[in-house]
Amino acid sequence: MSRTNVVFAIGGAAVAAGLVGWAVGTLYAPASGQEVRRRLVWKTDEQWRAIARASERWLQQVAACAAAEIDELKTRFVEPAHTA
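Here the sequence shown is numbered in my numbering, starting from 2 and rising by one per residue.
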């Protein structure tokens, strides 16, 4: 069996497994499709908000570190030139 055929066989098996999982999940879901979609949208929005908060905190930390580094470079290079 060639490498391409193996890749297609594995990909096909993964797609088939995903479809079977989707079908079983749909059949045994405790909520209606509309309710599942509503929850999925809510959970997705919640995750995006969490990512936005984490990104904002990270950017604030980066900005603080950059400001501290700039201050250190100023004291090291700019201030000694003024005293001479």
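Note that the Cβ used here is the ideal one computed from N, Cα and C, for glycine as well.
Quick check: the Cα distance between residue i and residue j, rounded to an integer number of angstroms?
i   : j   : result
L28 : A18 : 15 Å
I71 : R54 : 26 Å
A10 : A24 : 21 Å
F78 : V8  : 58 Å
A51 : W43 : 12 Å
Does the ligand PLP have a heavy atom nearer than 7 Å to the CB of residue i?
i   : result
W43 : With respect to the ligand PLP, the structure offers nothing, as it holds no ligand at all.
Within the continuous alpha helix (DSSP H) that includes residue i, where are the two ends?
i   : result
T5  : R4 to L28
K44 : G34 to L74
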